[in-house]
Each structure stands twice: as C-alpha cells, then as structure tokens.
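The next block holds one structure in the form of structure tokens; read it before the comments.
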Amino acid sequence: MKYFISGAVLFLLSFSACAASGCGYSWPLWENFAKFYIQSDGRVIDHDANGISTSEGQSYALFFSLVANDRERFDKILGWTSNNLAKGDMVNYLPAWKWGKADDGVWEALDPNPASDADLWVAYALLNAAVYWKHKPYHELGTAMLRNIARREVVDMPGLGSMLLPASYGFTIDAETWRLNPSYLPVQLLRYFATIEKCAKCGPGPWKDLIENTGKMIGAISSKGVVPDWMLYGVKKGFHLASDDKAEISSYDAIRVYLWWAMLNPQDPMFAVLRPYVTGIHHFMPENAHLPERINVVTGEAEGVAPPGFKGALAPYRFVLYQQKPDDLPVLAKEVGYYNNVLNLFGYGWLDRRFQFNPDGSLSMESHKCSK
Numbered sequence: 002m003k004y005f006i007s008g009a010v011l012f013l014l015s016f017s018a019c020a021a022s023g024c025g026y027s028w029p030l031w032e033n034f035a036k037f038y039i040q041s042d043g044r045v046i047d048h049d050a051n052g053i054s055t056s057e058g059q060s061y062a063l064f065f066s067l068v069a070n071d072r073e074r075f076d077k078i079l080g081w082t083s084n085n086l087a088k089g090d091m092v093n094y095l096p097a098w099k100w101g102k103a104d105d106g107v108w109e110a111l112d113p114n115p116a117s118d119a120d121l122w123v124a125y126a127l128l129n130a131a132v133y134w135k136h137k138p139y140h141e142l143g144t145a146m147l148r149n150i151a152r153r154e155v156v157d158m159p160g161l162g163s164m165l166l167p168a169s170y171g172f173t174i175d176a177e178t179w180r181l182n183p184s185y186l187p188v189q190l191l192r193y194f195a196t197i198e199k200c201a202k203c204g205p206g207p208w209k210d211l212i213e214n215t216g217k218m219i220g221a222i223s224s225k226g227v228v229p230d231w232m233l234y235g236v237k238k239g240f241h242l243a244s245d246d247k248a249e250i251s252s253y254d255a256i257r258v259y260l261w262w263a264m265l266n267p268q269d270p271m272f273a274v275l276r277p278y279v280t281g282i283h284h285f286m287p288e289n290a291h292l293p294e295r296i297n298v299v300t301g302e303a304e305g306v307a308p309p310g311f312k313g314a315l316a317p318y319r320f321v322l323y324q325q326k327p328d329d330l331p332v333l334a335k336e337v338g339y340y341n342n343v344l345n346l347f348g349y350g351w352l353d354r355r356f357q358f359n360p361d362g363s364l365s366m367e368s369h370k371c372s373k
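Spelled out as structure tokens, the structure:
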C-alpha cells in the first residue's frame with residue numbers, strides 16, 4: 002500500500018501541469034462550465050431538460066466553486082438555491098429537487114420533494130467552506146442541513162438500521178420495503194459528517210451507521226463487481242432487485258459509485274471493504290473500444306455506447322486500479338450536456354489534484370493552498 006500511495010502521488014504531481022502555480026490558479030474546465038451552465042444570479046441550468054434547475058446541479062456547482070476558491074460564485078449559487086428551492090430558509094427547509102417553468106408559465110419549484118444526494122453535497126460544501134473561508138454561518142447552515150437530512154431522509158429499517166432514502170417521500174414501497182440508490186451515498190461525505198458531529202451538540206447522528214450500511218448494501222447487491230442504479234431493501238428479503246425491467250441495469254446513476262470509490266482516500270477502511278464489489282466494471286473498459294451505456298448486473302450483457310462523461314467518471318478508477326494516464330484532458334463542450342460535464346469535473350478535477358479527500362473525509366484543495 003505504501004508503494005501504491007507514493008506512486009499515485011508522484012504521478013499526480015507530474016500530471017498536474019495545469020494546476021495551481023503560485024497564485025495564478027486557473028481551472029478552465031470549471032470556468033467553461035460556469036460560462037455555459039450558471040447564470041449570473043447563481044442558477045445552474047440543465048439545457049437538455051427544458052432549462053430546468055435541480056438541487057443536484059446546484060449542489061455540484063457549490064462544491065466546484067469551493068474547489069476553485071470562487072467564493073463570489075459560491076455565495077450566488079447558495080443564495081439562489083435558498084431563495085428558490087428552500088423558501089429562503091435552508092435552516093428549516095431542504096431544497097426542492099426540481100425548479101422550472103410550470104404549465105401556467107410561472108417559474109417555480111415543480112417538485113418540492115428534496116433529493117438526498119444533493120442535500121449531502123450542499124451540506125458538505127458548506128461545512129468545508131466554513132473551514133477554508135473561516136465563515137461560521139456556513140458551518141451553522143451545514144449542521145442545520147445535517148439535522149434535517151437525518152430527521153427527514155434517514156429511516157431506521159428493521160434488520161439493517163439507518164439508511165438514507167433518495168428523498169423525504171415517495172420511496173417507501175410499503176411498510177417493510179424501500180427503494181434505494183447506492184450512488185446517493187459517497188462514503189467520504191458520510192465520513193466527514195461523522196467526524197464533524199463527534200463534537201457537535203446535536204449528537205453523533207446516523208453517519209457512522211450509514212457508512213457501515215452502505216458497505217452492506219453494495220456488497221449484497223453487487224453482481225460480478227457491478228452495481229445497479231436502483232435496488233430495494235425489504236425486512237424479509239434484505240437487499241434485492243425490483244421486478245421491473247430497469248431493475249437490473251447499471252448505468253447513469255451507478256457510474257458515480259465507481260467514481261466515489263476511486264476518489265475515496267485509501268486509508269479509509271471502506272476503501273478496502275468496497276473494492277471487491279466495484280471492480281468488476283473493469284471487464285467493460287476495453288482499451289480501444291467504447292464503454293457501454295448500460296450493463297445488466299445479472300446477465301453481464303452490455304448495451305449501447307456510453308456518453309463522454311462516463312470516461313471522465315472512470316478516470317480516477319482507471320488510475321487507482323491500473324495507474325493509467327488518460328490520453329488527454331477533456332475540453333468542456335456544451336453539446337455533450339450538463340451531466341457529462343459534471344462527471345468530467347469530478348473525475349479529471351480529482352485526477353489533476355485540484356481536490357482530494359483526506360482520511361477523515363475533509364477536502365484538500367490546491368486553489369486554497371495557493372491563496373494562503
């Protein structure tokens with residue numbers, strides 16, 4: 002392990018030619034993303050979905066603006082999110098997941114149900130921003146969000162314990178069955194929350210249990226080292242696939258499971274625990290052919306051609322497993338869409354050492370080292 006880590010550091014340092022130098026930090030991939038997808042008021046627009054905004058988009062943009070040390074844009078994104086998705090009160094309300102133009106022509110929250118993965122990323126960005134920018138209100142808002150997530154989106158499931166639902170409502174199938182999404186649970190975020198709340202007055206929270214149960218979930222449902230987009234947990238059946246046609250598919254959601262794992266600090270105990278359950282995807286990563294868009298986790302059959310963001314999402318994965326350099330860095334292109342560009346920001350941003358996750362889940366960021 003010592004050899005692996007030292008090799009990773011040496012490679013990443015040599016690969017980071019376009020990273021921070023002195024105080025001339027620049028991140029073209031992020032700057033182009035902001036140009037194409039973020040309004041001057043902080044709204045992130047998904048042009049491929051009728052110009053809607055989502056709490057997911059806001060949360061990712063908040064994270065990347067922190068990584069870029071772009072506090073002005075961070076505050077605008079946060080302000081728009083609070084005012085339009087959380088009734089101007091993110092202390093008491095979790096952001097609605099979808100905002101856009103209603104049938105009557107009014108721009109408003111189209112679905113008030115929050116998305117728990119977005120909520121986790123917003124809270125995470127706020128708590129780390131409080132440390133780097135030394136602004137206590139960020140910490141207060143982040144901890145308030147953690148309390149709301151724990152109260153409204155975490156359920157105590159018999160035979161398992163605490164588990165994060167994808168939203169506050171709509172994912173309870175019946176009194177003994179729930180629908181879950183493994184890509185909603187990045188372990189590094191949960192690890193940081195568990196560390197933060199050790200010293201908080203609100204108690205330890207569910208975060209440590211969520212880490213352990215994330216490992217159980219992925220271990221139980223992974224097939225041939227590939228994880229499905231969605232799954233069910235039942236009191237009698239445990240983790241299992243649903244009976245609908247899409248239940249066996251690993252695609253646009255699950256691609257993030259491999260990304261989160263590859264970016265996880267190798268010193269985190271879950272890195273080794275999860276490894277055998279996520280590394281089967283390498284069988285579908287040919288050297289000179291396209292990645293598949295969908296993989297059937299039961300049969301192992303692959304279909305379609307993956308969008309360009311999948312390559313970015315798997316860039317850290319390729320490095321962790323094979324220490325492979327990408328042949329080139331992507332140029333952000335508006336035509337490939339919001340989600341593909343987000344995956345590229347995560348994958349290549351991490352690979353270029355613009356951000357890394359510490360063993361306790363906290364962030365280490367080149368732009369903030371530059372500014373000190």
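Okay, so the sequence shown: first residue is 2 according to our numbering, each after it adds one.
Ideal placement from N, C-alpha and C gives every residue a C-beta, glycine not left out.
Remember, predicted model here, so these are calculated numbers, not experimental data.
Asked: Stretch-stretch touch, CB-based, cutoff 8 Å, three pairs: the region 212-231 with the region 276-283; Found: yes
Asked: Start and end residues, beta strand (DSSP E) containing A241; Found: Before going further, note that residue 241 is His rather than Ala in the sequence given. Its beta strand (DSSP E) spans residues 239-241.
Asked: Stretch pair the region 82-94 + the region 135-153: three plus CB contacts closer than 8 Å; Found: yes
Asked: Continuous beta strand (DSSP E) stretch holding A124: start and end; Found: Premise fails: A124 lies in the alpha helix (DSSP H), 117-133, not in any beta strand (DSSP E).
Asked: Assigned secondary structure, A69 (DSSP; H/G/I helix, E/B strand, else coil); Found: coil
Asked: W100 beta carbon less than 8 Å from that of L111; Found: yes
Asked: Nearest-angstrom Cα separation, counted from K326 out to R153; Found: 42 Å
Asked: Contact check, A255 vs P317, beta carbons under 8 Å; Found: no
Asked: Residue of S54, A126, E177 minimising C-alpha distance to K102; Found: S54
Asked: Residues bridged to V155 (per DSSP); Found: L165
Asked: Whole-number beta carbon distance between D361 and R192, since they are thought to touch under 8 Å; Found: 6 Å
Asked: 3-residue-minimum beta strand (DSSP E) runs that sit fully inside the region 294-329, ordered along the chain; Found: 295-297
Asked: Contacting residues, own chain, Cβ-Cβ under 8 Å from V306 (five flanking each side not counted); Found: H291, L292, P293, E294
Asked: Rounded C-alpha distance that separates H136 from M286; Found: 43 Å
Asked: Burial state of L215, where buried means 16 or more other Cβ atoms lie within 10 Å; Found: Here the sequence assigns Thr to residue 215, which means Leu is not the residue at that position. Answer is buried; the Cβ neighbour count reaches 16.
Asked: Stretch pair the region 62-76 + the region 30-43: three plus CB contacts closer than 8 Å; Found: yes
Asked: F311 versus L260 - alpha carbon distance; Found: 10 Å
Asked: Cβ pair E336, R354 closer than 8 Å; Found: no
Asked: Extent of the continuous alpha helix (DSSP H) to which Y349 belongs; Found: 339-352
Asked: 8 Å Cβ cutoff met for W98 and A119; Found: yes
Asked: Proximity of M158 and W134 at Cβ, strictly below 8 Å; Found: no
Asked: Rounded distance between the beta-carbons of V258 and P183, thought under 8 Å; Found: 5 Å
Asked: Cut-off 6 Å between Cβ atoms - residues of its own chain near V45, not counting five sequence neighbours on either side; Found: Y38, I39, S54, G58, Q59, A62
Asked: Span of the alpha helix (DSSP H) around L190; Found: 188-197
Asked: I250 to M164 span [Cα, whole Å]; Found: 22 Å
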